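Since the structure comes first, as structure tokens, the remarks are kept for the end.
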Amino acid sequence: MFKIEGTCDWCKKPSLLTRHEYIDGKSNYSCEDCYELATLDVRQFNIDETQERERLEAR
Ligand SMILES: [Zn+2]
Numbered sequence: 012m013f014k015i016e017g018t019c020d021w022c023k024k025p026s027l028l029t030r031h032e033y034i035d036g037k038s039n040y041s042c043e044d045c046y047e048l049a050t051l052d053v054r055q056f057n058i059d060e061t062q063e064r065e066r067l068e069a070r
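This is the structure in structure tokens:
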């Protein structure tokens, strides 16, 4: 799962990474240590973004 070599977007250390995709099409990469935090971050962003879209569409 952690197969991409690069710099973790959460702790900024070079490591083996996995990809997290955001609802708006962006993506970030996290190492194994940051995986749980990254998952929570991305999930929260996607929830916020979904709510924002619904709010805009409701106008
Ligand atoms: Zn990390």
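Count the sequence shown with this note's numbering and you get residues 12 to 70, in order. Don't be surprised by glycine CBs; every beta carbon is placed ideally from N, CA and C. Quick caveat: nothing in here was measured; it's all calculated off a predicted structure.
- The three-state secondary structure of Arg70, taken from DSSP, is coil.
- At least one heavy atom of ligand 1 lies less than 7 Å from the C-beta of Lys24.
- Looking at Leu67, Arg66, Thr29 and Asp59, the one whose alpha-carbon comes closest to that of Tyr46 is Thr29.
- Tyr40 is classed as buried because its beta carbon has at least 16 other beta carbons within 10 Å across all chains shown.
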